[in-house]
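Beneath this line is the structure, given in structure tokens, with notes to follow.
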Amino acid sequence: MNFYKKAAFIFILIVFGIIVTAKSLEPIIEKQISGIFADKKLSKKLNKELLNLTEDFTPEKREFYKKILVSLYTKWLPLIEESKQEAESKINSNK
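Sequential numbering from 1 applies to the sequence shown in my numbering.
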């Protein structure tokens, strides 16, 4: 009988510990969830700001964006071409 009393007491302690842990973590989880939704608002603001940046397209901005696009194009073009060749070879091998 003494064993069952100890087991019940330990079970109650474990349940109580889980409840205390859940209550203490609740504000942290709530803050994380609200942070996820706040990022969406931030991305809308960022998108709006980027659109506003391109409205006044001065020659300096044109050169800046052109420089970025050229560097991206030169880095990604070989990868894209390689992917096209692999896809064509897979298509030809399946025929």
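By construction, the Cβ of each residue, glycine as well, lies at the ideal position given by its N, Cα and C atoms. These numbers come from a predicted model, not from an experiment.
- With respect to Leu53, Lys61 sits close: the two C-beta atoms are nearer than 9 Å.
- Straight-line measurement puts the Cα of Leu79 at about 21 Å from the Cα of Ser93.
- Bounds of any alpha helix (DSSP H) do not take in Thr58, whose DSSP letter is neither H nor E.
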